[in-house]
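Residue numbers (the working numbering): 18 to 561.
Glycine included, each C-beta is placed from N, C-alpha and C at the ideal position.
The model shown is predicted, which means the values in this text are computed figures rather than measured ones.
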Amino acid sequence: MTLTKHIFVTGGVVSSLGKGLTSASIGMLLENRGLRVRMQKLDPYINVDPGTMSPFQHGEVYVLDDGSETDLDLGHYERFTQSPLSRHSNYTTGQIYLRVIERERRGEFLGQTVQVIPHITNEIKRCIDNLSGDDVDVVITEIGGTVGDIESLPFLEAIRQYSLDVGKENCLYIHLTLVPYLKAAAELKTKPTQHSVGLLRQIGIQPDILICRCERELPLSDREKIALFCNVPTKAVIEERDKDFSIYEVPLSLVDHGLDDQIVKRLGLSTKSLEIDAWRNMIHRMRNPVTEVNIAVVGKYASHKDAYKSIYESIDHGGIAHNAQIRVSSIQSEDIEREGPERLLSGYHGILVPGGFGERGTEGKIEAIRYARERQIPFLGICLGMQCAVIEFARNVMGMAGANSTEFDRSTNFPVVCLLDEQQNVTEKGGTMRLGAQRAQLALDSRSYECYGQEQISERHRHRYEFNHQFRKQFEAHGMLIAGTSQNQSLVEIVEVPDHPWFVAVQYHPEFKSKPIAAHPLFAGFVSAAITAKEIIGEAKSMF
Ligand code: GLN
Numbered sequence: 018m019t020l021t022k023h024i025f026v027t028g029g030v031v032s033s034l035g036k037g038l039t040s041a042s043i044g045m046l047l048e049n050r051g052l053r054v055r056m057q058k059l060d061p062y063i064n065v066d067p068g069t070m071s072p073f074q075h076g077e078v079y080v081l082d083d084g085s086e087t088d089l090d091l092g093h094y095e096r097f098t099q100s101p102l103s104r105h106s107n108y109t110t111g112q113i114y115l116r117v118i119e120r121e122r123r124g125e126f127l128g129q130t131v132q133v134i135p136h137i138t139n140e141i142k143r144c145i146d147n148l149s150g151d152d153v154d155v156v157i158t159e160i161g162g163t164v165g166d167i168e169s170l171p172f173l174e175a176i177r178q179y180s181l182d183v184g185k186e187n188c189l190y191i192h193l194t195l196v197p198y199l200k201a202a203a204e205l206k207t208k209p210t211q212h213s214v215g216l217l218r219q220i221g222i223q224p225d226i227l228i229c230r231c232e233r234e235l236p237l238s239d240r241e242k243i244a245l246f247c248n249v250p251t252k253a254v255i256e257e258r259d260k261d262f263s264i265y266e267v268p269l270s271l272v273d274h275g276l277d278d279q280i281v282k283r284l285g286l287s288t289k290s291l292e293i294d295a296w297r298n299m300i301h302r303m304r305n306p307v308t309e310v311n312i313a314v315v316g317k318y319a320s321h322k323d324a325y326k327s328i329y330e331s332i333d334h335g336g337i338a339h340n341a342q343i344r345v346s347s348i349q350s351e352d353i354e355r356e357g358p359e360r361l362l363s364g365y366h367g368i369l370v371p372g373g374f375g376e377r378g379t380e381g382k383i384e385a386i387r388y389a390r391e392r393q394i395p396f397l398g399i400c401l402g403m404q405c406a407v408i409e410f411a412r413n414v415m416g417m418a419g420a421n422s423t424e425f426d427r428s429t430n431f432p433v434v435c436l437l438d439e440q441q442n443v444t445e446k447g448g449t450m451r452l453g454a455q456r457a458q459l460a461l462d463s464r465s466y467e468c469y470g471q472e473q474i475s476e477r478h479r480h481r482y483e484f485n486h487q488f489r490k491q492f493e494a495h496g497m498l499i500a501g502t503s504q505n506q507s508l509v510e511i512v513e514v515p516d517h518p519w520f521v522a523v524q525y526h527p528e529f530k531s532k533p534i535a536a537h538p539l540f541a542g543f544v545s546a547a548i549t550a551k552e553i554i555g556e557a558k559s560m561f
């Protein structure tokens, strides 16, 4: 019998209920009761990973140390918990079918008809098993999608079977649902929840705990009604009210409704009592900022808030580190192409250009960077943002008219950004970029070193193009600092403009390693520079 306990989190009624956040919050609470937790998401779509999907479809692609390209919910897991994540932390229907079909081709099922039950469901159960072990107390498995979707059925069937395999006492089913408020009736409505749980029970899953997303307080009478119709005790109907201030309040409200106590009791876990003072202090700091700054994020997907999820979170973390409230504006880079940077970017104390693919909107990003560099506004460039900073510097400081990345202009005379050598013969698109953690070496006289406080760093990458080494000397001669290189020095990982208050651009993705109680050094440094910029503007104004 396994020692590891399993929590399965499903969602009902509608998508976007925040299952990832709720799962992450549960993980965080259990860790803070001294348990060793592992987190995992099973996604019902057929792509092998989200790496080939547009951010419009799927939001950001979250990259792990081991180079896996995963769902953005894994970002919540990393921000809320210490659970180590790996390729075992995110499986898709595509991956599962691929494995089963490969095994069928190898002849592992000779003589058999390969079917959803048991072959696909067995494979799903193996994915869950991969996280169990002697060093793990609880595995939390979030099932993507909404109960009732055709795609989710094999996953639901597999988690139903799982409790038969490992014992009912070792599994806990949590269902997240919506209890909408109908204005016309002036009432909260429990029927969608009843239907959603009804669907689960038809499949053979009786949820143990219902977490009810709602706009307003869920009164006892409604909780009793849900409990009666859904066959759970009233105390197992937990309110999760919308958080208008911060997502980081979610775990605290779940504690207030006794969720962690119920989970540990139901799973028979012996734990220490909950210790979340550090988290509470963080929320207190967020609620009591001493200053505020305006930051502009200039990207291609400004209207889609999930496309740069980890970037927005990391900026907030930088704010928490400096007791600053950050007002972030998303600015469409194509709007800058039409209207110019002056109109759209004045009044910001920091400008950030994030990663991206494809030419659309790049000229607007380059103009935004020029504005930041010339107006001495703190600037952080990330991945494509760094490549655009290199192009901007080449064109406007070094006089290389038409300098570009070969991603956008193959015949440019000044290919200051070009395809990585290792990418020359790569033809397949899935999982083939330079991915995951790579070590880098920082220059001691750089802002980056000032922020990190160490010479060696490890950061996560996701790109095919790089700073063209052949131009390195010319850039240095014009005053650009190569502030970080890969360990063998062949790749430029960070560029800076020393003759500027704070201009740092990195080839990697620092946003994947920032946490609310441990802001990434570059985001903390960027926000600190923005605060200084604001103070200088204030002083200059008061002199006149
Ligand atoms: N498109 C660029 C490249 O592939 C940048 C990638 C990114 O920003 N993640 O190198």
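> So, are the CB atoms of Tyr329 and Ile300 less than 9 angstroms apart?
Replying inline: Locating residue 329 in the sequence shown gives position 312, counting from the first residue. Locating residue 300 in the sequence shown gives position 283, counting from the first residue. Taking 9 angstroms as the Cβ cut-off, Tyr329 and Ile300 do not qualify as a contacting pair.
> Quick one: is the Cβ of Tyr565 within less than 8 angstroms of any heavy atom of the ligand GLN?
Replying inline: For residue 565 there is no data in the structure shown, the boundaries of the chain being 18 and 561.
> Per DSSP, Glu376 forms a beta bridge with which residues?
Replying inline: If you number the sequence shown from 1, residue 376 lands on position 359. Bridge partners of Glu376: none, in fact.
> So, are the CB atoms of Ser263 and Gly92 less than 9 angstroms apart?
Replying inline: Taking the first residue of the sequence shown as position 1, residue 263 is located at position 246. Taking the first residue of the sequence shown as position 1, residue 92 is located at position 75. No, the Cβ-Cβ distance between Ser263 and Gly92 is not below 9 angstroms.
>> Taking the beta carbon of Val307 as the centre, do at least 16 other beta carbons fall within 10 Å, making it buried, or is it exposed?
In response: Counted from its first residue, the sequence shown places residue 307 at position 290. Label assigned to Val307: exposed.
> What do you reckon, is the C-beta of His321 under 8 angstroms from a heavy atom of the ligand GLN?
Replying inline: Along the sequence shown, read from residue 1 onward, the residue named residue 321 stands at position 304. The answer is no for His321.
>> Taking 8 angstroms as the cut-off, is the C-beta of Arg247 nearer than that to any heavy atom in the ligand GLN?
In response: On the sequence shown, position 230 is the one that residue 247 refers to. A small correction: the amino acid at residue 247 is Cys; Arg does not occupy that position in the sequence shown. Incorrect: Cys247 has no Cβ contact closer than 8 angstroms to the ligand GLN.
> Is Leu193 near Val214, with beta carbons less than 9 angstroms apart?
Replying inline: In the sequence shown, residue 193 corresponds to position 176, counting from 1. In the sequence shown, residue 214 corresponds to position 197, counting from 1. Result no, Cβ atoms of Leu193 and Val214 do not sit closer than 9 angstroms.
> Do Val514 and Leu397 have their CB atoms nearer than 9 angstroms?
Replying inline: Residue 514 sits at position 497 when you count from the first residue of the sequence shown. Residue 397 sits at position 380 when you count from the first residue of the sequence shown. Contact flag unset, no.
>> Checking the sheet assignment: what are the DSSP bridge partners for Lys58?
In response: As a position in the sequence shown, residue 58 is number 41, starting the count at 1. The partner list for Lys58 (beta bridge, DSSP) reads Asn107, Glu159.
> Over what stretch of residues does the beta strand (DSSP E) that includes Asn311 continue unbroken?
Replying inline: Translated into the one-based positions of the sequence shown, residue 311 becomes position 294. It spans 308-316 - the beta strand (DSSP E) in which Asn311 sits, taken as one unbroken run.
> Nearest to Gly162 by CA position, among Gln211, Gln219, Asp88, Lys200, is which residue?
Replying inline: Locating residue 162 in the sequence shown gives position 145, where the first residue counts as 1. Of the listed residues, the one whose Cα sits closest to Gly162 is Asp88.
> Can we count His526 as close to the ligand GLN, meaning its CB is less than 8 angstroms from some heavy atom?
Replying inline: Here residue 526 refers to the residue found at position 509 of the sequence shown. Yes.
> According to DSSP, is Phe488 helix, strand or coil?
Replying inline: Along the sequence shown, read from residue 1 onward, the residue named residue 488 stands at position 471. Phe488 falls in the helix class under three-state DSSP.
>> Quick check on DSSP: helix, strand or coil for Gln473?
In response: Counting from 1 along the sequence shown, the entry for residue 473 is found at position 456. Gln473 falls in the strand class under three-state DSSP.
> If you draw a straight line from the alpha carbon of Ile386 to that of Glu309, how long is it in whole angstroms?
Replying inline: Numbered from 1 along the sequence shown, position 369 holds the residue referred to as residue 386. Numbered from 1 along the sequence shown, position 292 holds the residue referred to as residue 309. Spanning the two alpha carbons is a distance of roughly 22 angstroms.
> Would DSSP call Glu391 helix, strand or coil?
Replying inline: Start at 1 with the first residue of the sequence shown, and residue 391 comes out as number 374. DSSP places Glu391 in helix when its eight states are reduced to three.
> From Lys382 to Glu439, what distance separates their C-alpha atoms?
Replying inline: Position 365 of the sequence shown holds residue 382. Position 422 of the sequence shown holds residue 439. Approximately 27 angstroms, taken between the alpha carbons.
> Got a sec? Which residues, its chain only, sit under 8 angstroms from Val80 by beta carbon, not counting five neighbours each side?
Replying inline: Numbered from its first residue, the sequence shown carries residue 80 at position 63. Glu86, Thr87, Leu452, Gly453, Arg477, His478, Arg479, His526, Phe529, listed in sequence order.
>> So for Arg481, helix, strand or coil by DSSP?
In response: What you label residue 481 is simply residue 464 of the sequence shown in a count that begins at 1. If DSSP states are grouped into helix, strand and coil, Arg481 belongs with coil.
>> Going by DSSP in three states, Pro135 sits in which element: helix, strand or coil?
In response: Here residue 135 corresponds to residue number 118 of the sequence shown, with the count starting at 1. Helix at Pro135.
>> Taking the beta carbon of Ile17 as the centre, do at least 16 other beta carbons fall within 10 Å, making it buried, or is it exposed?
In response: Here the chain comprises residues numbered 18 to 561, so residue 17 is not present and cannot be evaluated.
> Does any heavy atom of the ligand GLN sit closer than 8 angstroms to the C-beta of Arg479?
Replying inline: Counting from one through the sequence shown, the residue named residue 479 turns up at place 462. It does: the Cβ of Arg479 is within 8 angstroms (strictly closer) of some heavy atom of the ligand GLN.
> Using the beta-carbon count (16 or more within 10 Å), is Ile408 buried or exposed?
Replying inline: For the purposes of this step, residue 408 is taken as residue 391 along the sequence shown, with counting starting at 1. Buried: at least 16 other Cβ atoms inside 10 Å.
> Using the beta-carbon count (16 or more within 10 Å), is Lys317 buried or exposed?
Replying inline: Within the sequence shown, residue 317 is the residue found at index 300, counting from 1. Looking at its Cβ environment, which holds 16 or more other Cβ atoms inside 10 Å, Lys317 is buried.
>> For a test of your reading of the model: does the CB of Gly84 fall under 8 angstroms from any non-hydrogen atom of the ligand GLN? Yes or no.
In response: Here residue 84 is taken as the residue at index 67 of the sequence shown, counted from 1. No, the ligand GLN has no heavy atom inside 8 angstroms of this Cβ.
>> Going residue by residue through the segment 412-470, where are the continuous beta strand (DSSP E) segments of at least 3 residues, counting only ones entirely within it?
In response: 432-436, 451-459
> Roughly how many angstroms separate the alpha carbons of Gly111 and His136, rounded to a whole number?
Replying inline: Counted from its first residue, the sequence shown places residue 111 at position 94. Counted from its first residue, the sequence shown places residue 136 at position 119. If I take the Cα positions, the gap works out to 14 angstroms.
> In angstroms, rounded to a whole number, what distance separates the CA positions of Phe492 and Ser103?
Replying inline: Working through the sequence shown from its first residue, we reach residue 492 at position 475. Working through the sequence shown from its first residue, we reach residue 103 at position 86. Going from the Cα of Phe492 to the Cα of Ser103 covers about 38 angstroms.
>> Could you tell me the alpha carbon to alpha carbon distance between Gly336 and Val314, rounded to whole angstroms?
In response: As a position in the sequence shown, residue 336 is number 319, starting the count at 1. As a position in the sequence shown, residue 314 is number 297, starting the count at 1. Roughly 15 angstroms between the two C-alpha positions.
>> Helix, strand or coil for Val509? Go by DSSP, reduced to three states.
In response: The residue labelled residue 509 in the question sits at position 492 within the sequence shown. Three-state DSSP puts Val509 in a strand.
> Do you know offhand how far Gln437's Cα is from Asn485's?
Replying inline: Residue numbering aside, residue 437 sits at position 420 when the sequence shown is read from its first letter. Residue numbering aside, residue 485 sits at position 468 when the sequence shown is read from its first letter. According to the sequence shown, residue 437 is Leu rather than Gln. Leu437 and Asn485: Cα-Cα distance of roughly 9 angstroms.
> Where does Asp60 land, buried or exposed, given buried means 16+ other C-beta within 10 angstroms?
Replying inline: Position 43 of the sequence shown, counted from the start, is the residue given in the question as residue 60. Label assigned to Asp60: buried.
> Quick one: is the Cβ of Gly92 within less than 8 angstroms of any heavy atom of the ligand GLN?
Replying inline: By 1-based counting over the sequence shown, the position of residue 92 is 75. No.
> If you follow the alpha helix (DSSP H) that Ile300 is part of, which residue opens it and which one closes it?
Replying inline: Residue 300 sits at position 283 when you count from the first residue of the sequence shown. Counting along the chain, the alpha helix (DSSP H) containing Ile300 begins and ends at 294-304.
> Looking at the structure shown, is Cys247 part of a helix, part of a strand, or coil, going by DSSP?
Replying inline: If you number the sequence shown from 1, residue 247 lands on position 230. Three-state result, Cys247: helix.
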